[in-house]
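Okay, so here's the structure we're looking at.
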Amino acid sequence: MKFTEEHEWLRVEDDVVVVGITEHASTQLGDIVFVELPDVGTTVAKDDEVVVIESVKAASDILAPIDGEIVEVNEALVDNPTKVNEDATGDGWMFKLKVEDRSAMDEMMSEAEYNKFIA
Amino acid sequence: MTDLKRTVLFDLHVALGAKMVPFAGYEMPVQYPLGVMKEHQHTRAAAGLFDVSHMGQVILRPKSGDVADAARALETLVPVSILPLAEGRQRYALFTNEEGGITDDLMVANRGDHLFLVVNAACKNADFAHLEAHLSDTCDIEVIEDRALIALQGPAADVALAELNPAAHEMKFMDSVSMELAGAECWVSRSGYTGEDGYEISAPNASATHLAEALLLHAVVEPIGLGARDSLRLEAGLCLYGNDIDTTTSPVEAGLEWAVQKVRRTGGDRAGGFPGADRILGEFDNGASRRRVGILPAGRAPMREGTELFATDNGGAPIGKVTSGAFGPSIKGPLSMGYVAIDSAADGTQIFGEVRGKRMAATVAPMPFRPSNYKR
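Chains as they are written, first to last, in my numbering: chain G, 2 to 120; chain X, 113 to 488.
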């Protein structure tokens, strides 16, 4: 798994990259009450705003961590946004990207580096 | 953070694991480890303890010794009937300005030989100066610095407080009495800011932590932060001063007509005689051009403070603005309050809020958003 300074995680599963927010981010945001997901088929560039999440405190944008195409979104979050708090790196995943060039992931943090980053 | 004040319960909040934030010049707990959502639900299901010591407490002591003189004096500053307020009773009131706007909302209790006022933290210094400037001929204005203020709210508040003093159980909504709690004389009212039954307790600073700890010993009582306090009061349809009411909103626009008793309105025995009476009484007679309403967004996205409101899903000028908006854990959806033009203010009117550039459907809804549980 790879991590960004924007508190996202990326995990390669077969030929797609699964993206979500870190447990640290979900804790900081507080109880999440609303998730707005992008349309499947959307082509996104790094740093595009792709997901809006609202917690009991405020709204936040989730940015695309890498160039790609949205091939699947976690529809379960629409009715159950608290899954993000309960299982940020599992059931709380947000979208899956088809990524042509994964080389940008090499620059991202490992779990140990991310833990140091947030410490 | 250096010039932020702390309440006497600061060390207790830290020990309980609170996340402290600046609020109205104080370092206050916004949430505890339970989290905003669970704190909200716990208060509705059992009982929540809130530190509201940042609020202002002040006594109006009549120089004549007759509390009626303090009541008459206070009536020159509020469009509210204070004179008939019986000893041991409390009432909601508003300070108004010459333009008919609201400079603060407050609670007024008749404590026998004096009136006891509780005002908002952010307004308290201005309120104290206002009282001093206008009422010091008839009253001694005693600002209370040596007492904390604790709210205990929720259906189990009665059981928890009655264990410390059975007299608490006998109180009715808006009663205000003195009683001994955890070894100290406290001034207790059966009131609150959550839509639930509960109490607000003025306790000597020296005893406040002991009292809070005694209440927290109950399995049913959890500490609750400002985050849940906001969603609780919003579901109850209660105004937050500075958001939902301010110097630009009149009591009639704010839908607070119930707080202005008939005796202070046109034709009443003590009609007018408060700041802004011309505008406020005029609005009673002729209506206001806008009104504070409840708003239920159709989707799950909260319409937060500042969201512009429209009559249609496309084009047109805004008809109003959201003044408070959040997710309501008990109604399990987003909810807002705000001001809309009077022709869009009827319950059931479809309106639209612009969220992130998109017009989202919403409905004007009656408040409170859920029934309140006061012990009448």
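For glycine and all other residues, C-beta sits at the position ideal for the given N, C-alpha and C.
Being a predicted model, the structure only gives us computed values, none of them experimental.
Under the three-state reduction of DSSP, Q29/G is assigned to helix. Contact with chain X is absent for E87/G, since none of that chain's Cβ atoms lies less than 8 Å from the residue's Cβ. With its beta carbon at least 8 Å from every one in chain G, A238/X lies outside the interface. Per DSSP, L346/X is one residue of the alpha helix (DSSP H) stretching across 338–347. Taking a cut-off of 8 Å for Cβ pairs, the segment 148–164 of chain X and the segment 209–217 of chain X do not touch, as fewer than three such pairs fall below it. Bridge pairing for A473/X: F464/X [DSSP]. Taking the Cα positions, E292/X is about 25 Å away from R118/X. In this structure, N81/G is the residue among E101/G, I63/G, N81/G with its C-alpha nearest to the C-alpha of D92/G.
Cβ proximity to chain G below 9 Å picks out V142, Q143, G147, V148, M149, K150 from the segment 128–151 of chain X. Per DSSP, the continuous alpha helix (DSSP H) segment holding E244/X begins and ends at 236–247.
Residue range 432–440 is occupied by the beta strand (DSSP E) that includes K433/X. Taking 7 Å as the upper bound on Cβ-Cβ separation, chain X lies near residues G31, D32, V34, F35, E37 of the segment 27–40 of chain G. Nearest CB-CB separation between R412/X and chain G: below the 8 Å threshold. Bounds of any alpha helix (DSSP H) do not take in F228/X; it lies within the beta strand (DSSP E) bounded by 227–231. Contact between the segment 124–141 of chain X and the segment 12–22 of chain G is absent: fewer than 3 CB-CB pairs across the two stretches fall below 8 Å. Non-local C-beta neighbours of D239/X in its own chain, meaning closer than 7 Å and more than five positions away in sequence, comprise G168, F207, D216, V231, ordered along the chain.
Residues of the segment 269–300 of chain X with a C-beta less than 8 Å from any C-beta of chain G: none at all.
Shown in chain order are the members of the segment 457–468 of chain X whose Cβ falls below 8 Å from a Cβ of chain G: R468.
Of the candidates D249/X, D258/X, A241/X, N222/X, N222/X places its Cα closest to the Cα of V179/X.
Nearest CB-CB separation between V18/G and chain X: not below the 8 Å threshold. According to the DSSP assignment, F396/X belongs to the alpha helix (DSSP H) that extends over 389–398.
Closest in C-alpha terms to G339/X, from the list F35/G, D15/G, T43/G, S56/G, comes S56/G. G339: these are the residues of the segment 326–340 of chain X whose beta carbon lies less than 8 Å from some beta carbon of chain G, given in chain order.
The alpha-carbon of L261/X is positioned some 6 Å away from that of D163/X.
A Cβ-Cβ distance of about 10 Å is found for the pair L447/X and V434/X, leaving them out of contact under the 8 Å criterion. Here the C-alpha atom of E282/X lies approximately 55 Å from the C-alpha atom of E7/G. With contacts defined by Cβ atoms closer than 8 Å, Y311/X and L350/X do not form a contacting pair.
Selection K470/X, R488/X, G432/X evaluated against V476/X yields G432/X as nearest (Cα-Cα). Of the candidates N209/X, E211/X, D181/X, E210/X, the residue whose Cα lies closest to the Cα of L197/X is D181/X. Interface residue (Cβ-Cβ distance to chain G less than 8 Å): F481/X is not classified as such. In the three-state reduction of the DSSP assignment, Y486/X falls in the coil class. In the structure shown, the three-state DSSP call for A423/X is coil. A Cβ of chain G is located within less than 8 Å of the beta carbon of A438/X. By the 16-neighbour rule on beta-carbons within 10 angstroms, D270/X is buried. The beta carbon of L189/X is closer than 8 Å to those of F207, T208, H242, L243, H246, L247, F386, P387 in its chain, skipping five residues each way along the sequence.
Nearest Cα to A280/X within the set P483/X, R482/X, S303/X: S303/X.
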